[in-house]
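The sequence shown lines up with residues 0 to 51 when you count with numbering that gives the first Met the number 0.
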Amino acid sequence: MKTMTDLCIVYCTTDSRQNAETIANQLLEQNLAACVQIMPGMTSVYRWDNQV
0 MKTMTDLCIV
10 YCTTDSRQNA
20 ETIANQLLEQ
30 NLAACVQIMP
40 GMTSVYRWDN
50 QV
């Protein structure tokens with residue numbers, strides 16, 4: 000039996016919920032993720048060209 004000892008959290012953006020669901024299903028089907036969460040309505044605050 001395989002055991003997993005490391006934890007990895009990945010955040011990924013996409014242009015549509017449909018693409019997010021496709022990515023989620025592929026990750027789960029290939030056993031690359033145990034859980035995938037899709038977060039709608041996210042607000043991003045970031046620095047670009049030296050401005051927030």
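Idealized CB from N, CA, C, for every residue including glycine.
Pick helix, strand or coil for Q50, following the three-state DSSP scheme. strand
Quick one: residues in its chain with C-beta nearer than 8 Å to the C-beta of L26, no 5 flanking neighbours on either side, listed in chain order? A32 and V35
Per DSSP, what kind of secondary structure is T21 in: helix, strand or coil? helix
Distance check for Q50 and T12, CA to CA, integer angstroms please. 21 Å
Proximity winner among W47, R46, D48 and P39, relative to N18 (alpha-carbon distances): P39
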